[in-house]
Every structure is written in C-alpha cells, then in structure tokens.
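For the sequence shown, our numbering gives the first residue as 444, with consecutive numbering after it. We put the CB at the ideal spot given by N, CA and C, even for glycine. First up is the structure itself, then whatever we jot down about it.
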Amino acid sequence: MYKRKIYVFGVISGLIMMISLVCTAISAYMTRANLTQTTTAQTLLSEHQNLSSISYRMFKQLTDELLFGKNANQAVIRNKQALIEQSLSKIRVLEVQQRHALGKAITDGSVEDTDDLMALINEIIDEFNAIATEDWDKSSALQNRLQYLLEVKIDNEFREAINAAVVRQGNVVTSINARIEMLNTAILWFSIGISVFAMPLILFACYWLFNQLYQPLALINNGTKAIASGDYKQRLPETLDSEFTILVENLNRLASRLAEHEQKERQSRKELEFKVEKRTREISEVNEQLTKVDARRRQFLADISHELRTPLTIIRGEAQVTLRQQSTSQDVYRETLSSILTQAVNLSELVDDLLLLARAELNQLKLDKAKHVLEVFLQQQIEQWQRVYPERKFSLHVDEAMKNVALSFDEQRFRQVVSIILDNACKYSKADTHVSVKAEQQNQMAVIKIQDFGEGISPSDINHIFERFVRFKHKAEGMGLGLAIAKAIIEAHGGRIDVHSMLGEGSTFIIHMPLEFVE
C-alpha cells in the first residue's frame, strides 16, 4: 500500500515535470521559429539595403557615362546586373519562406513588390541603354527623358520602392519581436501558473506522503512502548499498509507470547506461593505437632514418673515397715505381700496400657480381627455390666439396618473400648440412672452411641477428654488412660470416637466404624 502511494506521488510529480518539459520544449520551439523569422527578416532587410547600394552604384555609373561621355565597362555592368539579379532572387526566396512562415497578413505585398522592384530596375536599365544609343546632347527630348529617368524613376519610384521594402521588413521584425515578447510573457505567466499550481500540490503530496509514513510509525512506536512497559494486551492494528504487515504481525505475536509467558509466570508464582504457603503451614503444623508431642512427652514422663512412683512407693513402704518389725506374724507378712501383689498388678496394667498406646502411635498395634455380629456382641456386654451393676438400668437398641450385621474387629480390644466407656458412664453418674446403648447406620458408617445421664463434662475438660492421664478433679480413681486407649483402638480399626456432653445432663460417646469392615 505504501509503495503504491509512493508510485502515485511519483506519477503525479512525473506528470507535472512532463508538463513543464513539454511547455519548455514548445517554448523553445516557438522561440527558435521566431528567432529564425527574425533572422530571415534581418537578412531581407540587409539584402534590400545591399540591392539599393548595388543598384545606385550601377545607376551612377550609367549616368556618368551619359553625362560625361565615359565608356562604361560592360563586364562591370553585367557583374552588377548579375549581383542585382542574385540579390533579387535571394530576396524573392526569403520572402516566399517568410510568407509561408508568417502568413500573408504580415507579409502582404512583399513578394509582389519585389517583382515590381525587379521590373522597375530592368526598366531603368533598359531606359539607360536606350538613351545611350542615341545622341541625346542634341535632343532636348532625350535630355528630358534622362531627367525624368533620374528624378522620377530613380529618385522617386526606385527609392520609394526600396524604402517601402525596408520599412516593410522593419515592420515584420517589429511584429516578430512583439510575438517573441508576447510568447516570453505567456511562457513567464504559464511558468508562474505551473509553479503556483504545482508547488502547493507537491507540498501537499509531500505532507500526505510523510503523514502516511509517520502515522503507522507512530502507532508502531506507541505500541512497542506499551509492550515494553508491560502492557502485553496491547495490539497493533492490522489495517496498516502492507509494508508494515509482517512487522505488525510479529509484534502482535511477540506481545501474545509475552502475555502467555507472563500468565504462566504469574500462575507459576501463584502455585509456588501456594506451595510455599502450604509447606509453611504444614511445617508450622508439624512444628506445632512436634511442640505438642514434646509437651505431651514431657507431661507423659512427668505423669508416668508420678504414676510409677505411687505403686513403687507403696511397695517399698510396705516392705520397709514389715522389715522393721521385730516379730512379725504370718498374717502380717501375708497382708504385706498381698498389698505388694496388688500394687505390682496395677503397675503391670499401667505398663501394658502404656505399651498399647506406644504401639498405636507407631501403627504397630496388632489386632486379632474376626467376624462378629454387632447386636450379639453388644447384648453380651450389656448383660455383663448389668450383672456388675444390678441397681442400674442398661438398654440396647439396634436399628433394622444393623440387625444381624457382622463387623470385623478384634473382640478383646473392642470389648475393652466398650468397657472403658460403660465404666466411665457408671462412675460419673448416679447409681439409679439409665445407661443407653444404640447401634445405627449413618453415611456408610456403623455408629454406636453410649449415653449416660450423669454429671456431664465441662467445655474446658471435653477438649482434653481423650488425652493421656486426664482425670476429673473430683474423681481420683484410675490413671486417666482409659479414653486415650479407647481412641487408639478405634482409630486402629479405621474408625473414630467423639463425645457430646452437657453439664448436669450427661454425656454421649459416639463410635464410628467404617462399613468396609462388614462381611
């Protein structure tokens, strides 16, 4: 497109130049023609003057011969006549050319007057010859004839003819000069007109051409500046001249790729920030867990030291007291050994519980799973605890969906869980209150709910209910490991245990067992 505009500008400039050259050529041609006609007119003028000079010399020579009796040199006369004829012939040829070039209006009478002039010269020569052949001294008529020839023919008619020819050629020269002046004036005004017309046109064309080039360059410059500043959504218009098409396409393609790279970089940065944040959060959680584990470890060591110290202190105290006595009966020894045995059993149970929790934390708790009908298992547990607490009412309710459903679990460990929860229910509720056990199905999970209507658990205690060595302040029995052991056993089976409690209304422990254990 821009190349086409340059071509258009070149064609217009060429046309203007061609018009100027044609006008110059026409002017040169016309000027040359006028100069040629001026030269012709000047030559004719010179020839007429030369003809007049030759003719007058010849007439003088002929007159002197008549007046003074001198013998004329016929060779000279013939030579002058030849020169006159030659001059007349040249004048005639030039006047014919002049008439063809200038037209009859300007050269009116020139050719005809030349013929008359030639006839007049011949007539004068013939008259001289006629007078010379006669004895004109004795004849007044011949003298009058000679006088007439000299005064009328030569001094009047010949001179007037020559002067008329000279004046006529002078007029022709004046006319030609006027035409040249008019032509020069026309050429001058035409040149001024061409300049006045062409100069604004050329200036406008240059401005238009520059604007056509500057506008796309300005757009490209602004676009590249925007892209360089980071505005990769900037796109250059594809409607520019074809010379800029490849450049515009490449710049737009570059902007698109930069936008894609920026988007990928932004996405990668977000992903990296997300991963860093996630890892930081995980590390924080791990650190928090490690802190909690370390705190639990310290608390565990403190608690276990305390729990182990008590039975060991009792054992040592019983042994020391018995050994200090001077005489000890068999009953005293038996009582002491019985107390030591009791504390040893408690100490053994504590160690077993701690080992169970340690194996559970290391995912090394071994389970001896077998298929058991959940309803039958729960019914056996209720009957067993009913015998232990005959004054308390225990109830069991199993939904239809859970009847005759067999779950796969370790009977001993699962019985330990139920016993821990039922023991706490009896321990923290009045003897005449009701303990309810329910089994149902929720969201593909077997759910066992054990509910008592005792004292309940305070909100401050419920968050730590499944931690080790947690005991309520008003109850000193036990070591506080029961619910922690129950939670570890349930989680080892792939389930979970929760508790809901209200002070003064009782507590409900909820065991969730996944149904993939059902067979």
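In terms of Cβ geometry, T785 and T765 do not form a close pair [threshold 9 Å]. In its chain, beyond the 5 residues on either side, V616, I619, N620, I623 have a beta carbon closer than 8 Å to the beta carbon of T481. Judged by DSSP in its simplified three-state form, I953 adopts strand. Assignment of K814 by DSSP, reduced to helix, strand and coil, places it in the strand class. According to the DSSP assignment, L839 belongs to the beta strand (DSSP E) that extends over 836-841. Counting other Cβ atoms within 10 Å of its Cβ, P902 stays below 16 and is therefore classed as exposed. In the structure shown, Q677 falls within a coil segment according to DSSP collapsed to helix, strand and coil. When Cβ pairs closer than 8 Å are counted between the two stretches, the stretch 793-809 is seen not to touch the stretch 837-845, the count staying below three. For I891, the enclosing beta strand (DSSP E) begins and ends at 888-895. The alpha-carbon of I497 is positioned some 13 Å away from that of M561. In the DSSP annotation of this structure, the continuous segment of the alpha helix (DSSP H) that includes R858 starts and ends at 854-870.
By the CB criterion at 9 Å, V878 and I891 fall outside the cutoff.
The Cβ-Cβ distance between I605 and L494 falls below 9 Å. Looking at the DSSP output, A882 sits in a beta bridge with V841, I891. In the DSSP annotation of this structure, the continuous segment of the beta strand (DSSP E) that includes D941 starts and ends at 939-945.
Remark: C-beta atoms of L487 and E566 do not approach each other more closely than 9 Å.
Pairing L701 with G666 gives a Cβ-Cβ distance that is not under 9 Å.
With respect to the 9 Å criterion, D853 and D904 are not classified as neighbours on the basis of their beta carbons.
Judged by DSSP in its simplified three-state form, H936 adopts coil rather than helix or strand.
Separation of Q710 and S791 (C-alpha to C-alpha, rounded to the nearest whole angstrom) is 59 Å. Scanning K870, F820, K809 for the CA closest to the CA of R835 turns up K870. By DSSP's assignment, H877 forms a beta bridge with K836. Comparing C-alpha distances from V861 to each of K873, I893, S872 shows the shortest one belongs to I893.
With contacts defined as CB atoms closer than 9 Å, A698 and I670 qualify as a contacting pair. A direct Cα-to-Cα measurement between K676 and N654 gives close to 27 Å. Under the DSSP assignment, Q807 falls outside any alpha helix (DSSP H); it carries neither an H nor an E label. Judged by DSSP secondary structure, S583 falls within the alpha helix (DSSP H) whose first and last residues are 583-591. When the beta-carbon positions are compared, M888 and P833 stay at least 9 Å from each other.
Relative to the Cα of R911, the nearest Cα in the group V775, Q824, P643, L798 belongs to L798.
When DSSP states are grouped into helix, strand and coil, L526 belongs to the helix group. Annotation for E948: G899 place their beta carbon closer than 6 Å to its own, counting only its chain and skipping 5 residues before and after.
Ranked by Cα distance from A787, the first of E490, E761, Q586 is E761. A direct Cα-Cα distance of roughly 18 Å separates E603 from Q590. Counting of Cβ neighbours within 10 angstroms places R500 among the exposed residues, the total staying below 16.
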